[in-house]
Amino acid sequence: MSQADQRADHDRHGFTTEQVHGGAATDADFGARVSPIHLSAGFVFDDFAQARDRFAGDDPGYVYTRSGNPTTAAVERRLALLEHGTDALLVGTGQAAITVALLALLEAGDHLVSASSIYEGTRGIFVDNFARLGIEVSFVDEAGDPEAWRRLIRPETKLLYGEPIPNPKNDLLDVAAIAGVAHEAGLPIVVDNTLASPYLWRPLDDGADVVLHSASKFLAGHGTALGGVVVTGEAFDWTVVDASGTPRFPHLVEPRRALAGASYAERFGGRAALAYAREVVAARIGPAPSPFNAFLVQQGVETLSLRVERHSANALAVAVWLEQQPEVESVDYAGLASSPHHALAERYLPRGAGSVFSFTLRGGIEAAELFVDAVELFSRMTHLGDVRSLILHPGTTTHALRTPDEQLAAGIWPGLLRLSVGIEDVDDLLRDLGRGLAAVRSAGASRLPGAVPVADAAPPRLRPTAEEDAA
16 MSQADQRADH DRHGFTTEQV HGGAATDADF GARVSPIHLS AGFVFDDFAQ
66 ARDRFAGDDP GYVYTRSGNP TTAAVERRLA LLEHGTDALL VGTGQAAITV
116 ALLALLEAGD HLVSASSIYE GTRGIFVDNF ARLGIEVSFV DEAGDPEAWR
166 RLIRPETKLL YGEPIPNPKN DLLDVAAIAG VAHEAGLPIV VDNTLASPYL
216 WRPLDDGADV VLHSASKFLA GHGTALGGVV VTGEAFDWTV VDASGTPRFP
266 HLVEPRRALA GASYAERFGG RAALAYAREV VAARIGPAPS PFNAFLVQQG
316 VETLSLRVER HSANALAVAV WLEQQPEVES VDYAGLASSP HHALAERYLP
366 RGAGSVFSFT LRGGIEAAEL FVDAVELFSR MTHLGDVRSL ILHPGTTTHA
416 LRTPDEQLAA GIWPGLLRLS VGIEDVDDLL RDLGRGLAAV RSAGASRLPG
466 AVPVADAAPP RLRPTAEEDA A
């Protein structure tokens, strides 16, 4: 099936059907229904001419797993379909996806504008690694204000960057509004959609130009495999020029010897940036995923909608319950009516607001330590999107390299804890969180009256899921 035919399936199939069947190809040799694991470093050429043609790009076959593999390609086709994209690139980790995607667009002397509420690993790439390459970044603290983004754009700015659902504060990004700012300036917007997954949010439909994922999280779901993915559409014109008439992305419009004198924009059109990321950045730097990990990601994707629906329902129940507890100062979850981001959640996330969010205990870091050490069902680990529920104290782990003032400015309070709510029975999750609150109360870390008993806090049901659409 051609890529165009696969995209046409959007008009016929719902999301869950696509996540099972989209982009799949039956094994040609033995008829295996599930794409097999091609654990091979390289691929045999039939003859001299085939080797020549594959290196010239005139034969679509495979050469070396570092630059492409049938197992990996099957996952790429499926993820492109699920995100309503036209092409996807699977790499070894989510960090690799961020690095490969941005190095395909940025060079020394360039500048990017990013929301400040982004994953700390991404922040480290921007302020440390990219700085050493001569690439500058400016952070937007008021990411919900389009004017705040517009003020930071310079002549050398090449892209805007953000996360639809940021970690850990759940302060949603108005993707359509910020995409409008980017496109007005002739810039692409790149977003990391890890915490939403394409089941909850498809940012390409709202104006994003490049979508990233840590496939290790919700896409895989089982916590056993690392992976990252870059997905693009065809809407952005990579031949765009700045006010002086200079191409913003000269490496995409200049003739390339490897393309017989054509440019990436001429050869690939709207897919130019992804093609460059695949052939020049990823193939040379080498963050190729193991075909076995690609296979594990594919297995996870087949149950994505079922898991994420349960994740979101459980998270809403947990957030509502936590909001009732006197030991809890605040709950940062856009699915709550009390959240300042609830209107955006209703607009962008009708199927649920995801399952990664934070809450803050009144007793500060002492209460946080008591709470974390008391829970039994929540795993204490730095991971997200697992079917198992996870808990972490960002102030002493993921955000530990920030100064106390920087942590406070980012809303990372001493008593703040991050949850990644899994798919367990919600009553068991509430009972476990109750253990944490009981430990806080018994140690006197919070002198407030007793909390609402778990048994008295009936978990709410998530609003009915909208009909599976193919739009």
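So the sequence shown is numbered by the working numbering: it starts at 16 and just counts up by one. Backbone N, C-alpha and C fix where the C-beta goes; we use that ideal spot for every residue, glycine too. The structure presented is a predicted model; accordingly, all values stated were derived computationally and were not measured.
Which first and last residues belong to the beta strand (DSSP E) in which residue i is found?
i: Phe372; result: 371 to 376
i: Asp347; result: 343 to 347
i: Arg433; result: 431 to 435
i: Leu104; result: 102 to 106
Run through the DSSP bridge pairs and tell me what residue i is partnered with.
i: Gly57; result: Tyr79
i: Gly410; result: In the DSSP output, where bridge partners are listed per residue, Gly410 has none listed.
i: Arg395; result: Ile406
i: His228; result: Val244
i: His126; result: Glu151, Thr172
i: Gly177; result: Val206
The alpha helix (DSSP H) that contains residue i, what's its start and end?
i: Glu171; result: First-last for Glu171: undefined, no H or E at that position.
i: Gly315; result: 306 to 316
i: Ser320; result: 319 to 338
i: His36; result: 30 to 36
i: Gly72; result: Unbroken run through Gly72: none, as it is neither H nor E.
i: Gly109; result: 109 to 118
i: Glu439; result: Segment: none, Glu439 is in no alpha helix (DSSP H) and carries neither H nor E.
i: Asp62; result: Neither: Asp62 is in no alpha helix (DSSP H) and is coded neither H nor E.
i: Glu361; result: 357 to 363
i: Glu281; result: 279 to 283
i: Pro85; result: 85 to 97
i: Val387; result: 379 to 389
i: Ala288; result: 287 to 291
i: Asp401; result: Per DSSP, Asp401 belongs to no alpha helix (DSSP H) and is neither H nor E.
i: Asp186; result: Note, Asp186: premise wrong, no alpha helix (DSSP H); not H, not E.
i: Ala424; result: 419 to 424
Going by the CB atoms, is the gap between residue j and residue i shorter than 7 Å?
i: Leu452; j: Glu344; result: no
i: Leu127; j: Tyr77; result: no
i: Leu385; j: Ala458; result: yes
i: Val206; j: Pro183; result: no
i: Ala240; j: Ala194; result: no
i: Pro265; j: Gly107; result: no
i: Ala235; j: Gly315; result: yes
i: Leu219; j: His99; result: yes
i: Gly369; j: Leu210; result: yes
i: Trp253; j: Ala280; result: yes
i: Thr86; j: Ala309; result: yes
i: Val455; j: Val333; result: no
i: Ala116; j: Ala250; result: no
i: Lys173; j: Leu118; result: no
i: Ala191; j: Asp221; result: yes
i: Val244; j: Ala111; result: no
i: Ile140; j: Pro306; result: no
i: Ser373; j: Asp401; result: no
i: Trp164; j: Val152; result: no
i: Val246; j: Ala95; result: yes
i: Ser212; j: Phe30; result: no
i: Ala56; j: Thr80; result: yes
I'd like to know if residue i contacts chain D, where contact means its C-beta is closer than 7 Å to some C-beta of that chain.
i: Leu364; result: The question asks about chain D, but that chain is absent: this structure has only one protein chain.
Assuming residue i contacts residue j under a Cβ cut-off of 8 Å, what Cβ separation, rounded to an integer in Å, is found between them?
i: Val390; j: Asp447; result: 5 Å
i: Thr397; j: Leu407; result: 6 Å
i: Leu104; j: Val90; result: Incorrect: roughly 10 Å between the Cβ atoms, too far for contact.
i: Asp186; j: Ser129; result: 14 Å between Cβ atoms; not a contact.
i: Leu359; j: Ala352; result: Contact doesn't hold; Cβ gap of about 13 Å is too wide.
i: Asn329; j: Leu405; result: At roughly 13 Å, the Cβ-Cβ gap does not stay under 8 Å, so Asn329 and Leu405 are not in contact.
Counting only runs of 3+ residues fully inside the stretch 131 to 163, write out the beta strand (DSSP E) ranges in chain order.
151 to 155
In chain order, each beta strand (DSSP E) run of at least 3 residues that lies wholly inside the stretch 239 to 267:
243 to 247
As an exercise, report each continuous beta strand (DSSP E) stretch of at least 3 residues that is fully enclosed by the stretch 196 to 222, in chain order.
204 to 207
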